[in-house]
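In the numbering used here, the protein residues as written are 99 to 152.
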């Protein structure tokens, strides 16, 4: 069984992450998540008010 060097594996992961960050799709997905996540929580009072009116 061949053992891999943990530092080499960490370097490989950092290279993969660096390459992923450079992709425009990843930047778009992060932006969309950060934009929509607070918006969804800001809508919670609207649903509460709708349930209270029933």
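Just so you know, even glycine gets a beta-carbon here, dropped at the ideal spot from N, CA and C.
Since the structure is predicted, the reported quantities are computational estimates derived from the model, not experimental observations.
- DSSP places residue 123 within a helical segment (H, G or I) once states are collapsed to three.
- Collapsing the DSSP output to three states places residue 151 in coil.
- In the three-state scheme derived from DSSP, where H, G and I count as helix and E and B as strand, residue 141 is classed as coil.
- If you check the CB distance, residue 118 and residue 124 come in under 8 angstroms.
- Going by C-alpha positions, residue 120 is about 12 angstroms away from residue 112.
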